[in-house]
Each structure stands twice: as C-alpha cells, then as structure tokens.
Amino acid sequence: FNATKLFRVAEDFFTSVNLSAMPETFWQNSILEKPDGVELVCHASAWDFYDAKDFRIKQCTRINMEDLLTAHHEMGHIQYFLQYKNQPIMFREGANPGFHEAVGDTIALSASTPAHLKEIGLLKSDDTDMEAMLNHLFLVGLDKIVFLPFAYILDLWRWNVFKGEITPETYNCEWWKLVEEYQGIAPPVSRSEEDFDPGAKYHVVASVEYM
Numbered sequence: 002f003n004a005t006k007l008f009r010v011a012e013d014f015f016t017s018v019n020l021s022a023m024p025e026t027f028w029q030n031s032i033l034e035k036p037d038g039v040e041l042v043c044h045a046s047a048w049d050f051y052d053a054k055d056f057r058i059k060q061c062t063r064i065n066m067e068d069l070l071t072a073h074h075e076m077g078h079i080q081y082f083l084q085y086k087n088q089p090i091m092f093r094e095g096a097n098p099g100f101h102e103a104v105g106d107t108i109a110l111s112a113s114t115p116a117h118l119k120e121i122g123l124l125k126s127d128d129t130d131m132e133a134m135l136n137h138l139f140l141v142g143l144d145k146i147v148f149l150p151f152a153y154i155l156d157l158w159r160w161n162v163f164k165g166e167i168t169p170e171t172y173n174c175e176w177w178k179l180v181e182e183y184q185g186i187a188p189p190v191s192r193s194e195e196d197f198d199p200g201a202k203y204h205v206v207a208s209v210e211y212m
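For the sequence shown, the numbering used here assigns the number 2 to the initial residue and increments by one for each residue that follows.
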C-alpha cells in the first residue's frame, strides 16, 4: 500500500456502488502525501474549483486504518461535487452543511466492516462469531455515539462565542463547563483562562462549522 493505492481502494468502493470514478485531473492535482520540505496544513480536505472538472483532495496520508477511512470520507465530498457540477454555481453546495459530512461518513462506515476489509485483502478472515461482532460494534459505538456530545458542544461553544454569550475572558472556563455538562468528564489537570483548549481543534482555529 502507498497513498495512491489507498485512494484507489476508496475509488473502487464508490464505483462498486455505481458512483463516479475520479477524473484524471484529480490524480494529477491532488496532494495525497506531505511534500518534502514544504510546510502544509495536514488536516484532510476536499476542494471543488467550480469549473466542473477540477476536484482535489489535500491529505498527508499515512498508511493506516484511520487514513484509509479518511480517504473514503474525503472522496465522499468529491462525489457530492461531481453530482452537482453541472448546476449553476449558486447551487453547487450541499442542501445543508451536514449533508456533505453524512455522505462521507456513511461511506466510511460501510468501508470499515470486517467483510469489506477481507474483500480488499486487509483482513485474513471476516470471522463473524459473536465476540468479533460485538468488538466491532463496540468500536463503532465508541467512534460514533460517544463522540456525539463532543461534536455538539464544539459548535455550541462556537455559536455562543458568535452571539457574545461567551467572551474572550471566559473562553476556556465556559468550554469546560460544557464538557462537564454534556460529556460528563473533567480536565485531567488544572485548567485556567491562560489555556485555550477548544483551540486544539482544527475547526475552531480555522472557523469551520462542525455539525
């Protein structure tokens, strides 16, 4: 496996469900590995250049399961771009921001099943005994269900900042109040307004909505 092969596997999944292959310009112009000697924001992202033919992904791909699923997710965005590429520019966006994320995550969820991983040669067996199935479902639950309160409070915090209900003087305090209320967890060490913990999330510092 290398980065290109990893994305080819993702493309094969999409074409297997009768969606589009990536245009040749995608393979020519995308950044699928971190270039040597170049400073790059490595957070994976998909790009529509609004000319109905140029679509790209930027991802500092590592060869692991997480990045394989990220490749499926980001290519899900490209699939959405391809489906509305012939619409007037004002209509070239998701019905709402959640639609784009839902397409990518649904595909990634399907691509992570033991049966599919065996089919593409990443598992020797798709053992479906009760213990294996429970372990897989538990992993999915930790990844998707336990994650929901965090996703909610991230945008709740952002919107409360936008509304002026959270001020710079209380950024971190209000963040941890939400974490404790909705996630039920406390900071592992003492935190103060000298810290800016929500800023550790890319979507906060890049002003990208999360839900």
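Ideal Cβ placement from N, Cα and C applies to all residues, glycine included.
In this structure, the alpha-carbon of residue 109 lies about 24 Å from that of residue 29. According to the DSSP secondary-structure assignment, residue 144 is paired through a beta bridge with no residue. In the DSSP assignment, residue 121 falls outside any beta strand (DSSP E) and carries neither an H nor an E. A contact between stretches requires three or more CB pairs, one per stretch, nearer than 8 Å, and the segment 86-96 fails this requirement with the segment 115-123. In the same chain as residue 112, and ignoring 5 residues on each side of it, the C-beta atoms closer than 6 Å to its own belong to 14 and 73, in chain order. Membership of residue 57 in the beta strand (DSSP E) is indicated by the continuous run 56-59.
Looking from the CA of residue 77, the closest CA among 57, 63 and 66 belongs to 57. Distance between residue 7 and residue 103, taken at the CA atoms: about 21 Å. Nearest C-alpha to residue 154 among 137, 93 and 198: 198. Nearest to residue 157 by C-alpha distance, out of 210, 21 and 130, is 210.
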